[in-house]
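**Q** Have a look at this one before I ask anything.
Residue numbers (my numbering): 1 to 180.
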């Protein structure tokens, strides 16, 4: 919508758009003081995909190494939308946002919330931090089953949403063998 508000022709946009990348910065838990424990189900009440009982998550504590904040540094969670013929055609026809959203959901690609949940489960950030940055209503049951059902989803915690799409990490040394 922003590009269209600037007066860009929808046909021109559809012909030249290869994909869209969305990202948010999330605070990284301090490795010196993060505490682990069972996930509190309260923040998940009413969401589409509650964490299964017994899922271990980490929480911020605070120590001298992180100036008693519980977090040290940041990293990006990402959502990548490659444009296919269907999306190009819909954009050229000036389809509504609801129709575009349904088409994207049918593609089954991981959302920002999905990538963030993966990072909560691998201990990189807290559930509270993820809830501060993204809408937890966007989680899909498929993503939770995938993350929680596979202990060895990825060999490294330094992989991103790109890994899920390509099978190879571009951000770290990890290699995702099973994909999402």
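We treat Cβ as the ideally placed atom computed from N, Cα and C, and that holds for glycine.
Note down, in chain order, each residue of its chain lying with its Cβ closer than 8 Å to the Cβ of residue 94, except the 5 sequence neighbours on either side.
**A** Residue 94 sits at position 94 when you count from the first residue of the chain shown. Only 10 meet the Cβ criterion.
**Q** For residue 89, which residues from the same chain have a beta carbon less than 8 Å from its beta carbon, with the 5 sequence-adjacent residues on both sides left out?
**A** As a working note, residue 89 is residue 89 in the chain shown. Correct list, in chain order: 14.
**Q** Looking at the C-beta of residue 106, does it have a partner C-beta in chain B at a distance below 8 Å?
**A** The chain inventory of the structure shown lacks chain B, comprising one protein chain alone.
**Q** Is the segment 92-111 touching the segment 24-43 in the sense that three or more CB pairs, one from each, lie closer than 8 Å?
**A** no
**Q** Rounded to whole angstroms, what is the Cα-Cα separation between residue 35 and residue 61?
**A** Residue mapping note: residue 35 aligns to position 35 of the chain shown, counting from 1. Residue mapping note: residue 61 aligns to position 61 of the chain shown, counting from 1. Taking the straight line joining both Cα atoms gives about 7 Å.
**Q** Evaluate residue 166 with the Cβ neighbour count: other Cβ atoms within 10 Å of its Cβ, from every protein chain shown; 16 or more gives buried, anything less gives exposed.
**A** Translated into positions along the chain shown, residue 166 becomes position 166. For residue 166, the predicted model reports a pLDDT of 31, less than 50, meaning its position is unreliable; a value from the coordinates is still stated below. So residue 166 counts as exposed.
**Q** Work out the CA separation of residue 87 and residue 96 for me, nearest whole Å.
**A** On the chain shown, residue 96 is found 96 positions in, with the first residue counted as 1. On the chain shown, residue 87 is found 87 positions in, with the first residue counted as 1. Taking the CA atoms as reference points, residue 96 sits about 12 Å from residue 87.
**Q** Which residue's Cα is closest to the Cα of residue 39: 32, 53, 134?
**A** For the purposes of this step, residue 39 is taken as the residue at position 39 of the chain shown. For residue 39, the nearest C-alpha among the options comes from 53.
**Q** Report the three-state DSSP secondary structure of residue 104 (helix, strand or coil).
**A** Taking the chain shown and counting its residues from 1, one reaches residue 104 at position 104. Here residue 104 sits in helix by DSSP.
**Q** Tell me whether residue 6 is buried or exposed, calling it buried when 16 or more other Cβ atoms sit within 10 Å of its Cβ.
**A** In the chain shown, the residue the question calls residue 6 occupies position 6. Residue 6 comes out exposed.
**Q** Can you give me the start and stop residues for the beta strand (DSSP E) that residue 59 sits inside?
**A** Residue 59 sits at position 59 when you count from the first residue of the chain shown. Note, residue 59: beta strand (DSSP E), 56-59.
**Q** Comparing C-alpha positions only, which one of 114, 122, 30 sits nearest to residue 80?
**A** Position 80 of the chain shown holds residue 80. Minimum Cα distance to residue 80 is reached at 114.
**Q** From this set, 72, 19, 12, which residue's C-alpha is nearest residue 32's C-alpha?
**A** What you label residue 32 is simply residue 32 of the chain shown in a count that begins at 1. Minimum Cα distance to residue 32 is reached at 72.
**Q** Any idea what DSSP makes of residue 64, helix, strand or coil?
**A** Translated into the one-based positions of the chain shown, residue 64 becomes position 64. It is helical.
**Q** Leaving out the 5 sequence neighbours to the left and right, which residues in its chain are closer than 7 Å to residue 83 when beta-carbon positions are compared?
**A** The residue given as residue 83 occupies position 83 in the chain shown. Only 17, 18, 19 meet the Cβ criterion.
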